[in-house]
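Visitor:
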Amino acid sequence: GAVVSQHPSWVICKSGTSVKIECRSLDFQATTMFWYRQFPKQSLMLMATSNEGSKATYEQGVEKDKFLINHASLTLSTLTVTSAHPEDSSFYICSGSGRLGTDTQYFGPGTRLTVL
Amino acid sequence: QKEVEQDPGPLSVPEGAIVSLNCTYSNSAFQYFMWYRQYSRKGPELLMYTYSSGNKEDGRFTAQVDKSSKYISLFIRDSQPSDSATYLCAMSLMTTDSWGKLQFGAGTQVVVTP
Chain A
1 GAVVSQHPSW VICKSGTSVK IECRSLDFQA TTMFWYRQFP KQSLMLMATS
51 NEGSKATYEQ GVEKDKFLIN HASLTLSTLT VTSAHPEDSS FYICSGSGRL
101 GTDTQYFGPG TRLTVL
Chain B
1001 QKEVEQDPGP LSVPEGAIVS LNCTYSNSAF QYFMWYRQYS RKGPELLMYT
1051 YSSGNKEDGR FTAQVDKSSK YISLFIRDSQ PSDSATYLCA MSLMTTDSWG
1101 KLQFGAGTQV VVTP
């Protein structure tokens, strides 16, 4: 149980285009979803927290207009990287929380974004 | 100073040995402690979680928390090559204001050699 999926797993796009990443909780209702980015050989950096039906809360230094997050339902959150640039290339990982009412987060497999 | 310190490794052990991983933390208010395993180019997978001081065992894995010393450990017995991965410790304050905000260690890369 506690499975989170992400789509796509890998995307390459041209600079200036927008990319949408989907995060789904498959067997539980994720009242809260989190988006992280991870650079090679580094730990996870929290970008934003979203609750179903509410606006996302962004961490300091994360541009909310660049990284649009929508948490439309208890099982789906999307991250849209707008006007992507090469420096946005990274590994983006989502997680869901809400199962068993604990603070435990269950992570998706990640999406590797490469901006040319 | 980071709130959670973890040696990045790599830690290389022979197959069958015990893997010992540690994290120290500075904020005594942390209440909830987790260990995740992350394979290359994959998302972290939850291995164990605990709220209290003491030991918790699950199969080959033992998680240990010492709140008085602000120190947590993960032990992997009878290590296998498939255990080769990066292990991340994470902890949480479990307060309303910080709900869901996990503080991660940098991760320790473990290599189990056949």
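Top to bottom, those sequences are chains A and B.
For the first sequence, the positions run 1 to 116 when this note's numbering is used.
For the second sequence, the positions run 1001 to 1114 when this note's numbering is used.
Cβ coordinates follow ideal geometry from the N, Cα and C atoms, glycine included.
Source: prediction; values computed, not measured.
Would DSSP call residue 1005/B helix, strand or coil?
Guide: strand
Visitor: Look up residue 80/A in the DSSP assignment and say whether it is helix, strand or coil.
Guide: Residue state, collapsed to three classes: strand.
Visitor: Please report whether the beta-carbon of residue 24/A lies at a distance below 9 Å from any beta-carbon of chain B.
Guide: no
Visitor: Would you mind telling me which residues of chain A sit closer than 8 Å to residue 1087/B, beta carbon to beta carbon, in chain order?
Guide: What residue 1087/B touches in chain A: nothing, since even the nearest Cβ is about 11 Å away.
Visitor: So with CB distances below 9 Å, who are the chain A contacts of residue 1025/B?
Guide: Neighbours of residue 1025/B on chain A: none; closest Cβ ~14 Å, over 9 Å.
Visitor: Considering only the alpha carbon of each residue, which of 1035/B, 1021/B, 1055/B and 1027/B lies closest to residue 1048/B?
Guide: 1035/B
Visitor: Going by alpha carbons, who is nearest to residue 1061/B out of 1104/B, 1092/B and 1075/B?
Guide: 1075/B
Visitor: With H, G and I counted as helix, E and B as strand and the rest as coil, what does DSSP make of residue 1083/B?
Guide: Three-state result, residue 1083/B: helix.
Visitor: For residue 93/A versus residue 10/A, is the C-beta distance shorter than 9 Å?
Guide: no
Visitor: Just how far apart, CA to CA, sit residue 1003/B and residue 1080/B?
Guide: 31 Å
Visitor: Look up residue 1094/B in the DSSP assignment and give the residues it is bridged to.
Guide: According to DSSP, which records beta bridges pairwise, residue 1094/B is partnered with nothing at all.
Visitor: Of all Cβ atoms in chain A, is any one closer than 9 Å to the Cβ of residue 1075/B?
Guide: no
Visitor: Determine, using beta carbons only, whether residue 109/A comes closer than 9 Å to chain B.
Guide: yes
Visitor: Checking contacts by CB at 9 Å: is residue 93/A closer than that to chain B?
Guide: yes
Visitor: Okay, do the segment 1058-1072 of chain B and the segment 1019-1027 of chain B touch, 3+ Cβ pairs below 8 Å being the bar?
Guide: yes
Visitor: Among 1005/B, 1009/B, 1051/B and 1101/B, which one has its Cα closest to the Cα of residue 58/A?
Guide: 1101/B
Visitor: Quick one: any contact between the segment 70-87 of chain A and the segment 18-25 of chain A, if contact means 3 or more CB pairs under 8 Å?
Guide: yes
Visitor: Let me know if residue 85/A comes out buried or exposed under the rule of 16 or more other beta-carbons within 10 Å of its beta-carbon.
Guide: exposed
Visitor: DSSP three-state label for residue 86/A, please.
Guide: helix
Visitor: Under 7 Å, CB to CB, which of the residues in the segment 47-62 of chain A have a partner in chain B?
Guide: 49
Visitor: Closer than 8 Å between beta carbons: that is the criterion. Which residues of the segment 1031-1053 of chain B meet it against chain A?
Guide: 1032, 1034, 1036, 1041, 1042, 1043, 1044, 1045, 1046 and 1049
Visitor: Using a cut-off of 7 Å between C-beta atoms, extract the partners of residue 1104/B located in chain A.
Guide: 43 and 44
Visitor: Beta-carbon of residue 11/A versus every beta-carbon of chain B: anything under 9 Å?
Guide: no
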